[in-house]
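Visitor:
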Amino acid sequence: PLWSTVRISGLDVDERDRAVARLRGGRTLATFPAEVADAKAQLMAVASRDIAAAFAPIDTWPPDLRVVARPWMTHQSGAKTATGTASATIDLVETILDGREIVVAGQVALAGEASVGGSPVDGVLGVPVVVGPEGWTRVLLDPLP
619 PLWSTVRISG
629 LDVDERDRAV
639 ARLRGGRTLA
649 TFPAEVADAK
659 AQLMAVASRD
669 IAAAFAPIDT
679 WPPDLRVVAR
689 PWMTHQSGAK
699 TATGTASATI
709 DLVETILDGR
719 EIVVAGQVAL
729 AGEASVGGSP
739 VDGVLGVPVV
749 VGPEGWTRVL
759 LDPLP
């Protein structure tokens, strides 16, 4: 479901700094807790009338606020499958933003990083990969017979 919509590509340090500044759009971490509290209040006001409608404004919010608000609203709605997927996505993003690496099953464009029957694979394939702030860096797959 959600995994098929997650796209990760690497940025160098300067690119990452510029991207974060652009996404924050003048907002700061100091005001973020108040933004989260305001978002929750808005969502609960709408959810008291229509749970499904409460999800609509989330898509209009900045990415960092969406990352907090959508799983919170999903939890409030009682849905559990989406909560699991949302939590896994948050863990993935949090790990990458912390500058750490994580192993995930990803659908990536290979250029010989894996082989099948002794022949390198070129093309898109679902394989376990190491993902970090610079994107995916290596395939963790023993050679296949």
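Residue numbers for the sequence shown follow this note's numbering, so the first one is 619 and each next one is one higher. Glycine residues also receive a C-beta, built at the ideal position from the N, C-alpha and C atoms. Note that the structure is a prediction, hence the values are computed from the model and not measured.
(1) Taking the CB atoms as reference points, tell me whether residue 645 and residue 675 lie closer together than 8 angstroms.
(2) Fully enclosed by the stretch 680 to 755, which alpha helix (DSSP H) runs are 4 residues long or longer?
(3) Looking at the secondary structure, which residues open and close the alpha helix (DSSP H) in which residue 661 lies?
(4) For the stretch 681 to 700 against the stretch 723 to 743, are there 3 or more C-beta pairs whose distance is under 8 angstroms?
(5) I'd like to know if the stretch 706 to 720 and the stretch 737 to 745 are in contact, where contact means that at least 3 CB-CB pairs between them fall below 8 angstroms.
(6) Given this structure, state the Cα-to-Cα distance separating residue 677 from residue 657, to the nearest angstrom.
(7) Using a Cβ-Cβ cut-off of 8 angstroms (strictly less than) and excluding sequence neighbours within five positions of residue 630, which residues of its own chain qualify?
(8) Less than 6 angstroms between C-beta atoms, sequence neighbours within five positions excluded: which residues of the same chain meet that for residue 665?
(9) Are residue 684 and residue 704 closer than 8 angstroms when you measure CB to CB?
(10) Got a sec, what are the start and stop residues for the alpha helix (DSSP H) residue 645 sits in?
(11) Count the other CB atoms, across all protein chains shown, that sit within 10 Å of the CB of residue 749; report buried if there are 16 or more and exposed otherwise.
(12) Could you tell me the distance, in whole angstroms, from the CA atom of residue 686 to the CA atom of residue 729?
(13) Please go through the same chain and pick out, in chain order, the residues whose beta-carbon is closer than 6 angstroms to the beta-carbon of residue 647, but skip the five residues on each side of it.
Guide: The answer reads as follows:
(1) no
(2) 681 to 695 and 699 to 715
(3) 650 to 665
(4) no
(5) no
(6) 12 angstroms
(7) 752
(8) 672
(9) no
(10) Unbroken run through residue 645: none, as it is neither H nor E.
(11) buried
(12) 36 angstroms
(13) none
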